[in-house]
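Those letters in the sequence shown? Residues 7 to 491, per my numbering, in order.
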Amino acid sequence: MKVTDQRQLAAAAAQRRDFLKFASMTGGMVAAAGVSRVAMSALPEPVIQTSTDTMPPLVPETGRPYNPVVTLNSWTLPWRMKNGVKEFHLVAEPVVREMTPGFKAHLWGYNGQSPGPTIEVVEGDRVRIFVTNRLPEHTSVHWHGQRLPNGMDGVTGLTQPAIPAGKTFVYEFMARRPGTFMYHPHADEMTQMAMGMMGFWVTHPKGNHPLIDPVDRDFCIMLNAYDIDPGSYTPKIMTMLDFNLWSWNSRIFPGIDSLNVRHNDRVRIRVGNLTMTNHPMHLHGHEFEVTGTDGGPTPKGSRWPEVTADVAVGQMRQIEFLADEEGDWAFHCHKSHHTMNAMGHDVPTLIGVDHTGLTKKITQLIPDYMVMGERGMADMAEMDMPIPENTARMMTGEGQFGSVEMGGMFSMVKVRKNQARGDYSDPGFYDHPKGTVAYEFEGEVPVASRSNDAGASAMSPVHKPSKDIEVKARKPGAASSSHEH
Ligand SMILES: [Cu+2]
């Protein structure tokens with residue numbers, strides 16, 4: 007959960023012969039004159055990055071200045087300037103992504119990661135992107151949302167031939183309008199996007215823009231989803247709706263870093279959605295405005311305060327707020343099933359069902375049978391039950407007061423007075439001022455008479471033996487079409 011220093015990364019990479027040149031790219035820039043061998047070559051050496059740490063912003067040392075973004079648990083692709091053109095090298099390839107500690111997925115992505123690295127340019131930049139295909143099948147890259155020549159749009163068959171396995175294609179266009187964009191294949195899309203091929207593209211405004219305010223922190227979150235059975239590594243690409251891993255930048259809570267900001271920072275969060283359903287993104291403790299969509303910055307008169315913004319499939323939204331409340335503020339998708347990790351949806355609701363006596367009978371038939379959800383599902387968060395190797399826990403994450411009982415699309419905005427400018431490291435848990443935390447009432451609590459009414463027993467902690475229970479026992483780990491724990 008720490009921000010790795012770019013220099014450490016560079017040093018590690020330099021030990022590998024393939025990336026020898028990366029050391030000279032510290033800070034992200036390669037001055038064409040400074041790295042003669044690279045500068046002389048026809049295309050830039052690819053930079054590969056396999057760490058899941060949130061990389062610090064890549065501050066531009068050449069070209070027009072801007073305030074760079076931070077992509078949670080991901081990074082920004084270095085480039086080189088060649089005769090006034092910003093050159094990038096994307097490599098489409100199979101990758102191993104740790105989605106959360108203890109759980110790795112075999113995905114497809116770019117330059118060592120899924121999602122691929124964020125590409126940052128400035129309005130008016132001429133951009134050349136070399137795309138090398140190291141996948142077992144053809145691909146292409148669509149620059150989602152950009153104004154560009156039709157033949158650079160990346161739609162296999164329609165605007166270009168597919169990039170065959172083993173080949174490199176060149177895309178070149180001017181970044182004409184500022185905003186938040188994405189890139190993803192437009193070739194065997196169902197497979198390649200289900201496997202994790204996607205990335206962010208940010209075009210910063212050239213100088214002052216009437217609708218784009220400067221911000222202190224600028225974060226990128228790509229919403230993506232996978233269907234990976236507990237104990238296995240590869241997504242099921244045929245899944246259309248019933249995904250079991252709802253992720254940000256191919257990470258799931260508690261594997262998602264927090265968004266660490268300084269008190270009174272202006273914060274922008276850019277969200278793109280390449281899943282198969284919409285995600286209402288909800289921020290605690292602050293109101294934000296949607297300042298940009300897929301089509302660019304929104305007119306100021308169209309903005310209103312809200313705390314939840316829906317991001318539909320294929321959409322991008324930029325939200326902005328003043329982080330003027332200290333604390334650890336939850337930020338998450340508000341679909342409660344999207345803040346859970348791998349689980350089945352065909353588990354019956356058992357709240358209020360008394361299993362007394364029943365479990366004993368079942369365990370004679372199924373020795374490792376376990377009662378789930380008798381009092382709700384919260385018990386599952388703390389239960390130390392055996393799960394298959396390489397499986398993310400369903401709802402977990404430790405807070406300073408216990409289990410957070412969350413998974414999937416969940417993180418925190420951590421607002422601190424003493425978070426230095428430009429410091430993105432995790433400040434730890436919030437130190438609540440005395441007397442500002444919800445506490446237990448210790449007096450006598452009057453009992454409402456309706457507690458004795460019919461129906462109240464469903465919510466009562468008092469067990470009443472139920473009659474005629476139909477038991478649908480599922481043995482964990484048994485062959486089944488679902489993916490429950
Ligand atoms: Cu969601």
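No residue lacks a Cβ here, since even glycine has one placed at the ideal position from N, Cα and C. Please read these numbers as outputs of a predicted model, since none were measured by experiment.
Query: For the putative contact between Gly151 and Asp300, defined by C-beta atoms under 8 Å, what is the C-beta separation to the nearest angstrom?; Result: 5 Å
Query: With a Cβ-Cβ cutoff of 8 Å, do Trp114 and Pro100 count as a contact?; Result: yes
Query: May I ask you to list the residues that DSSP assigns as paired with Asn230?; Result: Ser253
Query: Inspect the CB distances between the stretch 258–272 and the stretch 290–299 and report whether three or more fall short of 8 Å.; Result: no
Query: At what residues does the beta strand (DSSP E) containing Ala1 begin and finish?; Result: It is not possible to answer for residue 1, since the shown part of the chain is limited to 7 through 491.
Query: Check whether the Cβ atoms of Phe225 and Val410 sit closer than 8 Å, and answer yes or no.; Result: no
Query: Under a three-way DSSP split, which group does Ala111 fall into?; Result: strand
Query: Quick one: what does DSSP say Met201 is sitting in, helix, strand or coil?; Result: coil
Query: Out of Lys306, Asp59, Leu141 and Gly202, state which residue places its alpha-carbon closest to the alpha-carbon of Ile218.; Result: Lys306
Query: Would you say Cys226 touches ligand 1, meaning its beta carbon is less than 7 Å from a heavy atom?; Result: no
Query: When every heavy atom of ligand 1 is checked, does at least one fall within less than 7 Å of the C-beta of Lys341?; Result: yes
Query: Could you give the residue range of the beta strand (DSSP E) that holds Gly333?; Result: Gly333 to Cys339
Query: Helix, strand or coil: which one does DSSP assign to Asn156?; Result: helix
Query: Considering just the uninterrupted stretch of the beta strand (DSSP E) at Lys271, what are its terminal residues?; Result: Lys is not the amino acid found at residue 271; the sequence shown has Asp there. Asp271 -> beta strand (DSSP E) spans Asp271 to Asn279.
Query: Please name the residue or residues paired with Asn266 in a DSSP beta bridge.; Result: Lys420
Query: Contact between the stretch 141–155 and the stretch 189–208: three or more CB pairs below 8 Å?; Result: yes
Query: Shortest alpha-carbon distance to Leu289 belongs to which of Pro236, Gly261 and Trp335?; Result: Trp335
Query: Classify His344 as helix, strand or coil using the three-state DSSP reduction.; Result: helix
Query: Let me check understanding here. Comparing Cα to Cα, which of Ile125, Pro211 and Phe259 lies closest to Cys221?; Result: Note on residue identity: the sequence assigns Val, not Cys, to residue 221. The shortest Cα separation from Val221 among Ile125, Pro211 and Phe259 belongs to Pro211.
Query: Going by DSSP, which residues form a beta bridge with Arg134?; Result: Glu93 and Glu178
Query: Would the beta-carbon of Met287 fall within 8 Å of that of Ala315?; Result: yes
Query: Along the chain, where does the beta strand (DSSP E) containing Phe327 start, and where does it finish?; Result: Met322 to Ala329
Query: Taking 7 Å as the cut-off, is the C-beta of Trp252 nearer than that to any heavy atom in ligand 1?; Result: yes
Query: What does DSSP give as the partner residues of Phe188 in its beta bridges?; Result: A quick correction: the sequence has Met, not Phe, at residue 188. BP columns for Met188 point to His150 and Phe206.
Query: Looking at Met180 and ligand 1, is the gap between the Cβ and the nearest heavy atom below 7 Å?; Result: no
Query: Look up Gln166 in the DSSP assignment and say whether it is helix, strand or coil.; Result: strand
Query: Contact defined as beta carbons within less than 8 Å: I believe Ile258 pairs with Thr145. What is the distance between those atoms, to the nearest angstrom?; Result: Going by Cβ atoms, the distance from Ile258 to Thr145 rounds to 26 Å, so no, they are not a contact pair.
Query: So the candidates are Phe206, Ala168 and Val319; which of them puts its Cα closest to the Cα of His81?; Result: One point to set straight first is that residue 81 is Trp, not His, in the sequence displayed. For the residues Phe206, Ala168 and Val319, the minimum Cα distance to Trp81 belongs to Phe206.
Query: Just to confirm the assignment, what range does the beta strand (DSSP E) spanning Met415 have?; Result: No beta strand (DSSP E) holds Met415; DSSP gives it neither H nor E.
Query: Just to confirm, does His269 get its C-beta within under 7 Å of one of the non-hydrogen atoms of ligand 1?; Result: no
Query: Return the bridge partner residues of Arg309 from the DSSP annotation.; Result: DSSP lists no partner for Arg309.
Query: Val161 to Ile135, Cα distance in whole Å?; Result: 16 Å
Query: In the structure shown, what three-state DSSP assignment does Ser238 receive?; Result: coil
Query: Are there any heavy atoms of ligand 1 lying less than 7 Å away from the beta-carbon of Met415, as far as the coordinates show?; Result: yes
Query: What are the boundary residues of the beta strand (DSSP E) that Ala315 is part of?; Result: Thr314 to Val317
Query: Excluding sequence positions up to five away, which residues of its chain have a Cβ less than 8 Å from the Cβ of Leu247?; Result: Met282 and Thr283
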